[in-house]
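Residue 199 is where the sequence shown starts when you use my numbering, and the numbers rise one by one after that. Glycine included, each C-beta is placed from N, C-alpha and C at the ideal position. Note sheet for the following structure.
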Amino acid sequence: MPMPHLSLSLQFGAVEQSARHRAALPRHRVARSIRHALETDAEITVRIVDAEEGQRLNREFRGKDYATNVLTFDYAQAPLVMADLVLCAPVVAREARELGKTLAAHYTHLLVHGTLHAQGWDHETGDEDAQAMEAREIDILAGLGVRNPYA
């Protein structure tokens, strides 16, 4: 089965240590991570932001006044997935360090996670949904050569 088509925009805000984050997120790796999680064609923008922008977006759109690792703004799921994924560089870097993961592996996990959210997957609606989403992430990440992030 052919991979879904992806129209990708990759944007970097004013992020500290931007070279480190850009090195962990080459366009081909971002596209590969997202395409493996897609069930249909998509137009997705990925934006890497600093803590201030991440916190502002989380506060304005989710009512939570802190920067989180990934925010998904899904606009359509059919016939084309249309979404923005916003990843907060300092949060991702801190989590990767705390989890003993490479920055690239953690970004891959969060790109897959956000892409699943863009398609309607949700881990906050109950234990069964959370388990299904985690199982799907584990399967996709294995295909990308990334170990189980929940082990």
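Residue from the options whose Cα sits closest to the Cα of residue i
i      : options                           : result
Ser207 : Gly298, Arg245 and Pro277         : Arg245
Pro288 : Pro277, Ala276 and Tyr264         : Tyr264
Pro192 : Leu278, Val247, Ala217 and Lys262 : Any property of residue 192 remains undetermined from this structure, which presents the chain solely from 199 to 349.
Pro347 : His315, Thr270, Thr300 and His226 : Thr300
Asn267 : His311, Gly298 and Thr238         : His311
Pro224 : Pro200, Phe271, Met331 and Ala302 : Ala302
Met331 : Ser205, Pro200, Leu314 and His226 : Leu314
His304 : Gly252, Leu339 and Phe259         : Leu339
Ser216 : Val290, Arg257 and Asp325         : Val290
Phe167 : Gly298, Leu297, Arg295 and Glu241 : Residue 167 cannot be examined here, being either before or after the span of the chain that is shown, 199 to 349.
Per-residue DSSP class, three states only, for residue i
i      : result
Glu241 : strand
Gln209 : strand
Leu342 : coil
8 angstroms contact criterion, which residue i and residue j should meet: CB distance rounded
i      : j      : result
Leu285 : Leu255 : Leu285 to Leu255, Cβ: 11 angstroms. No contact.
Thr243 : Asp282 : 5 angstroms
Asp248 : Glu293 : At roughly 15 angstroms, the Cβ-Cβ gap does not stay under 8 angstroms, so Asp248 and Glu293 are not in contact.
Endpoints, the alpha helix (DSSP H) within which residue i is located
i      : result
His226 : Arg225 to Ala235
Ala217 : Ser216 to Ala222
Proximity test, residue i beta-carbon vs the ligand SAM heavy atom, cut-off 8 angstroms
i      : result
Arg245 : The model depicted lacks the ligand SAM and carries no ligand whatsoever.
Handout entry: Segments of 3+ residues assigned as beta strand (DSSP E) that fall wholly inside the segment 259-327
Key = 268-274 and 279-286
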